[in-house]
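K.L.:
In our numbering, the protein residues as written are 83 to 578. The structure that follows is given in the form of structure tokens.
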């Protein structure tokens with residue numbers, strides 16, 4: 083039945099197998115939170131409270147649409163809006179009433195999710211409950227600190243000018259207590275410092291206990307154990323370190339960015355491929371998993387009627403067509419993304435019909451019965467490909483002497499996409515720093531279709547002109563990269 087299938091979906095999305103499907107389904111339906119009087123009686127409720135935060139993130143105002151396939155993606159210019167829908171967003175028109183309302187809802191719901199993190203953090207750090215294992219408590223704590231940092235950083239990237247433009251800009255508070263704001267709104271520099279501190283705390287909690295470190299086994303998961311196969315549905319150790327790399331690159335600290343980005347590839351060298359929790363898909367290995375979910379270091383669980391349905395409606399044959407720069411962007415038809423994400427039947431109107439549509443399923447995950455799953459794609463948050471691009475860019479911005487190592491990271495990503503461009507240049511004429519940076523920009527434009535990441539790339543560099551979806555160039559000033567902070571924001575935050 084539909085209800086039973088939904089229970090299976092939700093069970094898979096749990097990071098902990100000991101919480102029964104019925105308990106989870108009853109306690110945290112979409113759109114609600116666990117009542118306060120049910121909180122914190124035992125460790126399973128801590129786990130459910132954490133999972134409730136992940137559930138909040140798949141709301142349409144957050145990663146279910148707005149910050150993935152929706153408004154933020156149109157701002158990055160990879161899609162031509164269909165009709166008037168999203169046109170104001172694509173034009174970066176923050177005076178538009180619909181855009182402004184959507185931004186305000188995102189602001190409120192992001193701080194709500196942060197408040198939920200703070201609530202659980204406050205309790206787990208003062209609880210008298212004895213957990214089945216110390217590692218379980220540390221994993222929950224690490225994820226909470228990581229989530230709090232990640233969500234604050236998204237707010238920073240949206241509502242503050244880029245770090246390179248104005249590190250002294252004072253805008254948003256960093257929430258560290260449930261129901262309270264920070265004493266004062268912070269500068270971008272101070273805010274980033276708090277993001278890094280929280281991520282480092284998360285990494286320190288996870289770095290020796292996270293099951294993702296050792297890959298997965300096919301043994302039965304016992305009550306109270308955490309299933310390592312599902313750790314990429316959670317903010318695991320490698321996702322945290324790659325987010326640290328993302329933050330340090332945004333800050334312009336290239337040494338730290340390169341160092342943290344490289345950690346994602348330790349999993350690739352230390353663990354046999356058949357036991358890896360994440361890895362590059364090779365051409366033809368992904369079946370119907372068009373989102374390449376095994377490359378996600380962390381992705382947000384979604385139900386079929388959520389994110390996949392939104393993607394299908396937005397980018398199907400009656401939806402938004404891709405940028406008119408598309409043919410130049412995908413100049414090699416062997417590219418697996420070109421072949422498998424897009425409907426190219428009409429070159430004048432190309433659609434991203436498959437990457438996140440309802441026909442894309444997760445590959446390699448199992449249902450409660452042990453059968454191969456037919457679960458829909460999830461929402462990517464941070465991917466192996468981004469780790470490669472961060473490390474490559476950070477290395478060459480540090481020193482031109484690093485160009486071979488940097489190019490090798492880009493070549494690794496391109497090999498998985500069946501395009502040997504950078505590898506061939508390395509073997510023949512070589513690459514300049516400028517040419518490699520151009521190649522990195524191309525990969526950002528190709529790799530993150532529908533993921534809301536391209537806008538952030540342009541903003542970090544404060545690019546004055548970017549390729550517009552209609553085939554022209556769009557002139558963008560620093561203020562157009564910065565969402566307006568809603569009026570009365572302090573009062574809004576205090577009321578959460």
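Even for Gly, the Cβ is constructed at its ideal location relative to N, Cα and C. Everything numeric in this text was worked out from a predicted model, so none of it was measured.
Output needed for residue 101: all residues of its chain with C-beta closer than 7 Å, excluding positions within five of it in sequence on either side, in chain order.
P.N.:
Because residue 101 carries a pLDDT of 33, less than 50, the predicted location of this residue cannot be relied on, and no value is offered for it.
K.L.:
Identify the residues that DSSP records as bridge partners of residue 557: which are they?
P.N.:
547
K.L.:
Just how far apart, CA to CA, sit residue 62 and residue 551?
P.N.:
What the structure shows of the chain is the stretch from 83 to 578, and residue 62 is not part of that stretch, so it cannot be assessed.
K.L.:
How is residue 416 classed by DSSP in three states: helix, strand or coil?
P.N.:
coil
K.L.:
So within the region 470-500, which uninterrupted alpha helix (DSSP H) runs reach at least 4 residues, ignoring any that extend past its ends?
P.N.:
485-498
K.L.:
How would you label residue 383, buried or exposed, when you count the other beta carbons within 10 angstroms and need 16 or more for buried?
P.N.:
Result: buried.
K.L.:
Under the DSSP definition of a beta bridge, which residues are partnered with residue 249?
P.N.:
Listed as beta-bridge partners of residue 249 by DSSP are no residues whatsoever.
K.L.:
Pick out the complete alpha helix (DSSP H) segments inside the region 130-187, 4 residues or longer, and give them in chain order.
P.N.:
153-157, 169-172
K.L.:
Note down the Cα distance separating residue 567 from residue 402, rounded to an integer number of angstroms.
P.N.:
28 Å
K.L.:
Does DSSP classify residue 371 as helix, strand or coil?
P.N.:
coil
K.L.:
Can you grab the Cα-Cα spacing for the pair residue 500 / residue 422, in whole Å?
P.N.:
12 Å
K.L.:
For residue 274 versus residue 245, is the C-beta spacing smaller than 9 Å?
P.N.:
yes
K.L.:
Whose C-alpha, out of 495, 483, 447, 548, is nearest the C-alpha of residue 465?
P.N.:
495
K.L.:
Is it the case that the region 179-194 contacts the region 554-564, given that we only count it when at least three CB pairs across the two stretches are under 8 Å?
P.N.:
no
K.L.:
Among all the DSSP beta bridges, which residues are the ones paired with residue 443?
P.N.:
Bridge pairing for residue 443: 458 [DSSP].
K.L.:
Rounded to a whole number of angstroms, what is the C-alpha to C-alpha distance between residue 341 and residue 468?
P.N.:
Whole-angstrom Cα-Cα distance: 14 Å.
K.L.:
Taking the alpha carbon of residue 482 as the reference point, which residue from 158, 519, 504 has its own alpha carbon closest?
P.N.:
Of the listed residues, the one whose Cα sits closest to residue 482 is 519.
K.L.:
What distance in whole Å lies between the Cβ atoms of residue 192 and residue 610, which are believed to be in contact at a cut-off of 8 Å?
P.N.:
Limits of the chain in this structure are 83 at one end and 578 at the other, which puts residue 610 out of reach.
K.L.:
What span of residues does the alpha helix (DSSP H) with residue 381 cover, start to end?
P.N.:
Premise fails: residue 381 lies in the beta strand (DSSP E), 378-382, not in any alpha helix (DSSP H).
K.L.:
Residue 425 by DSSP, collapsed to three states: which one?
P.N.:
strand
K.L.:
Less than 9 Å between the C-beta atoms of residue 169 and residue 385, yes or no?
P.N.:
no
K.L.:
Pull up the distance between the alpha-carbon of residue 288 and that of residue 534, whole angstroms please.
P.N.:
27 Å
K.L.:
Would the beta-carbon of residue 378 be found less than 8 Å away from any heavy atom of the ligand MG?
P.N.:
This structure does not include the ligand MG; it has no bound ligands of any sort.
K.L.:
Evaluate residue 267 with the Cβ neighbour count: other Cβ atoms within 10 Å of its Cβ, from every protein chain shown; 16 or more gives buried, anything less gives exposed.
P.N.:
buried
K.L.:
Are the region 539-546 and the region 240-258 touching, with three or more C-beta to C-beta distances below 8 Å?
P.N.:
yes
K.L.:
Residue 471 and residue 486: beta carbons closer than 9 Å?
P.N.:
no
K.L.:
Could you check what DSSP says for residue 359 in three-state terms: helix, strand or coil?
P.N.:
coil
K.L.:
How long is the line joining the alpha carbons of residue 428 and residue 150, rounded to whole angstroms?
P.N.:
25 Å
K.L.:
Mind checking residue 143: buried by the 16 CB within 10 Å criterion, or exposed?
P.N.:
It is buried - the Cβ of residue 143 has at least 16 other Cβ atoms within 10 Å.
K.L.:
Starting from the C-beta of residue 164, find all residues in its chain whose C-beta is less than 7 Å away, skip the five residues before and the five after it, and write them out in chain order.
P.N.:
401, 402
K.L.:
Would residue 211 be called buried (16 or more neighbouring beta carbons within 10 Å of its own) or exposed?
P.N.:
An exposed status is given to residue 211, since fewer than 16 other beta-carbon atoms sit within 10 Å of its beta-carbon.
K.L.:
Taking C-alpha atoms, which residue in 417, 205, 253, 219 lies nearest to residue 64?
P.N.:
Shown here, the chain extends from 83 to 578; a query on residue 64 therefore has no answer.
K.L.:
Kindly identify the DSSP beta-bridge partner or partners of residue 269.
P.N.:
252
K.L.:
Once you ignore the five residues that flank residue 441 on each side, which residues in its own chain have a CB closer than 8 Å to its CB?
P.N.:
370, 372
K.L.:
Does DSSP classify residue 450 as helix, strand or coil?
P.N.:
The pLDDT assigned to residue 450 is 48, lower than 50, so where the model puts this residue is not dependable; a value taken from the coordinates is nonetheless given after this. Reduced to three states, the DSSP call for residue 450 is coil.
K.L.:
Please report the distance separating the alpha-carbon of residue 387 from that of residue 251.
P.N.:
40 Å
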